[in-house]
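J.: Each residue of the sequence shown is one higher than the one before, counting from -4 in the working numbering.
One structure is given below, represented as structure tokens, and several questions about it will come after.
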Amino acid sequence: MFVLEYKLRGKPSQYQAIDEAIRTVQFVRNKCLRYWEENQSVGQKDIYRYTTQLRDEYPFVKELNSTACQQACERIWTAILRFYNNCKRKIAGKKGYPKYSKRTHSVEFKKSGWKLNRDAKKITFSDGKNIGELKLIGSRDLFYFQEWQIQRVRIVKRAEGYYCQLMLKLDVRDITPQLEPTQQCVGLDMGLKYLYVDSNGNTVEPPKYYRKAEKHLNKLNKRKSKKFKKGNRQSNNYKKASRKYAKGHLKVSRQREEFAKKLALRLIRSNDLIAYVGEACTKCIDLKVKNLVRNQKLAKSINDAGWSQFRKWIEYFGIKYGRLTIAVNPAYTSQECFNCGRLIQKSLSVRTHVCWCGYVEDRDKMAALNILKKATIGHIGSWSLDLNAWGDLSSILVGRNTCQDNLSQ
């Protein structure tokens, strides 16, 4: 899927109608979850039938477009299916039991309920919620694709406004020029002191956007907390303070995302192959940032570094521009000597690798060299990736057989 995003401009009454549609989606999702919990042997078709029953029972649900109700049903069924698969695979820890939604921020339409005016750059939503016609604000031209290529339309609510996402069925390679081979490859070792150290010895420091904005965000949070009244309906002043606090966090997340995007694009343009760290699990290799942030002393720094965003954009641009990206098991990459292969045990405080064979190198650079070595040994030849599978299979996983159904969950 190729996603185009535009900001929506409309009247306050239209924004209220969007909020009502989002609340209805949340209501349908939670009712479907309750129906699944209270009845045995409930399948996807049963939940679809229950959605139709809700439309007959509640007038405000019937006002919402039928495809938007179906999409709310699909959301909860995806969560249920993920829970079933985790139980079958007997993964350690929590299995991801479906939870009731408290903060839904989007409503999604399929092929009906909307009409696009490409000449005036406007979109009209025609269901019973009376959202009406909204202006699309954005630089992307609406005429470079056909209207039948739009698979879904999503309205997203964020801290500073409402956005419309057009999801297109396109092959990005058809509209993106392929890059010329550079005859270069690189290995990346990610960390906290440096965002990454590559196999050539180049380093990039993390931008630390959250650390820089933390003092201002804490001040906004204190202002919001002072206006909070427990047990009572919150005032408009509290809602304004809450929006300012949310906008501050949104700005930080966007800064981090843009930095990761530019850095990943620069690497993709200058290298034919990029190898980066992943973590070995039972069925596949993946970077378990979620487990790493359980360390209370490092959680804030790990989240602020943006490893997941950086990897995501490396994988996306790699497939988009025809480059090869490989996830490598990082086990012993900082302990194993790149020259002779001997394991030299050292603590985290030791930043220089010194081996009996006489090889001396910076610890992080040697780890990057080992990552590149693991990625290239035994993988000589041409590789082909399917761009339409990005999101299901976004990287080549070294040393494992790819499990498509596991990655798609």
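Using N, Cα and C, we set each Cβ at its ideal position, and we do this for glycine too.
1. How should SER194 be labelled, buried or exposed, when 16 other C-beta atoms within 10 angstroms of its C-beta is the threshold for buried?
2. For LYS152 versus SER101, is the C-beta spacing smaller than 8 Å?
3. Keeping to the same chain, check which residues put their C-beta closer than 7 Å to that of ILE75; ignore five residues upstream and five downstream.
4. Just to check my reading of the structure: TRP302 and MET185 have Cβ atoms closer than 8 Å, yes? What is that Cβ distance to the nearest angstrom?
5. Quick one: residues in its chain with C-beta nearer than 8 Å to the C-beta of PHE223, no 5 flanking neighbours on either side, listed in chain order?
6. What residues in its chain sit with their C-beta under 8 Å from that of ASP357, if we drop five residues either side in the sequence?
7. Taking Cβ to Cβ, would you say CYS405 is nearer than 8 Å to VAL23?
8. So what does THR347 bridge to, in DSSP terms?
9. Please classify ALA363: is it buried, with 16 or more other beta-carbons within 10 angstroms of its beta-carbon, or exposed?
10. Examine the Cβ distances between the stretch 154 to 165 and the stretch 239 to 247 and report whether three or more of them are shorter than 8 Å.
11. Label SER107 either buried or exposed according to how many other C-beta atoms from any shown protein chain fall within 10 Å of its C-beta, with 16 as the threshold for buried.
12. Suppose the cutoff is 6 Å on Cβ atoms and the five residues either side in sequence are ignored; what does the same chain contact list for LYS164 look like?
13. What is the C-beta distance between ALA270 and ILE309, in whole angstroms, given that I count them as a contact (C-beta under 8 Å)?
14. Quick one: any contact between the stretch 109 to 128 and the stretch 7 to 21, if contact means 3 or more CB pairs under 8 Å?
15. Out of curiosity, what's the CA-to-CA distance linking SER422 and LYS369?
16. Flag this pair as yes or no: are the beta carbons of LEU268 and CYS352 separated by less than 8 Å?
17. Going by alpha carbons, who is nearest to TYR139 out of ALA12, LYS307, ILE13 and PHE(-3)?
18. DSSP on ILE86, reduced to helix/strand/coil?
19. Helix, strand or coil for GLY196 per DSSP?
20. Rounded to a whole number of angstroms, what is the C-alpha to C-alpha distance between ALA16 and LYS235?
21. Among the candidates SER134, GLU33 and THR99, whose CA atom is the shortest distance from the CA of LYS116?
22. Using only the alpha-carbon positions, how far apart do ALA300 and LEU190 sit?
23. Take the Cβ of ARG251 as the centre, count every other Cβ of all protein chains shown within 10 Å, and call the residue buried at 16 or more, exposed below.
24. Is it true that the CB of PRO325 sits closer than 8 Å to the CB of PHE254?
25. Name, in chain order, the residues that DSSP records as bridge partners for SER101.
26. Hey, out of LYS188, SER121 and ARG84, whose CA is closest to SER344's CA?
27. Please report the straight-line C-alpha distance between PHE312 and ALA259, rounded to a whole angstrom.
28. Can you grab the Cα-Cα spacing for the pair ARG4 / LEU131, in whole Å?
29. What's the C-alpha gap between GLN160 and TYR240?
30. What's the C-alpha gap between ARG98 and LEU183?
31. Within this structure, are the beta carbons of ARG418 and GLU103 separated by less than 8 Å?
32. Just to check my reading of the structure: ILE263 and TYR316 have Cβ atoms closer than 8 Å, yes? What is that Cβ distance to the nearest angstrom?
33. Whole angstroms are fine: how far does the CA of MET361 sit from the CA of GLN340?
34. Quick check on the DSSP output: what are the complete beta strand (DSSP E) runs of length 3 or more inside the stretch 188 to 234, in order along the chain?
35. Is the beta carbon of LEU406 sitting closer than 8 Å to the one on TYR354?
36. Which residue wins for smallest C-alpha separation from ILE13, given the options TYR53, ASN112 and THR119?
T.: The short version:
1. Buried, since its Cβ has 16 or more Cβ neighbours within 10 Å.
2. yes
3. TRP31 and PRO93
4. Right, their Cβ atoms sit about 5 Å apart.
5. GLN229 and TYR233
6. VAL192, GLY196, ARG346, THR347 and HIS348
7. As displayed, the chain neither begins before -4 nor continues past 404, which places residue 405 out of reach and without an answer.
8. ASP357
9. With 16 or more other Cβ atoms within 10 Å, it is buried.
10. yes
11. exposed
12. GLN144 and GLN146
13. ALA270 to ILE309, Cβ: 10 Å. No contact.
14. yes
15. Shown here, the chain extends from -4 to 404; a query on residue 422 therefore has no answer.
16. no
17. PHE(-3)
18. coil
19. Residue state, collapsed to three classes: coil.
20. Distance between ALA16 and LYS235, taken at the CA atoms: about 22 Å.
21. SER134
22. 6 Å
23. Burial call: buried.
24. Taking 8 Å as the Cβ cut-off, PHE254 and PRO325 do not qualify as a contacting pair.
25. VAL151
26. Out of LYS188, SER121 and ARG84, the CA that lies nearest to the CA of SER344 is found in LYS188.
27. 7 Å
28. Roughly 7 Å between the two C-alpha positions.
29. 24 Å
30. Distance between ARG98 and LEU183, taken at the CA atoms: about 37 Å.
31. What the structure shows of the chain is the stretch from -4 to 404, and residue 418 is not part of that stretch, so it cannot be assessed.
32. Indeed they touch by this definition, with Cβ atoms about 6 Å apart.
33. 14 Å
34. 191 to 193
35. This structure cannot speak to residue 406, because the chain is shown only from -4 to 404.
36. Just measuring C-alpha positions, the residue of TYR53, ASN112 and THR119 sitting nearest ILE13 is THR119.
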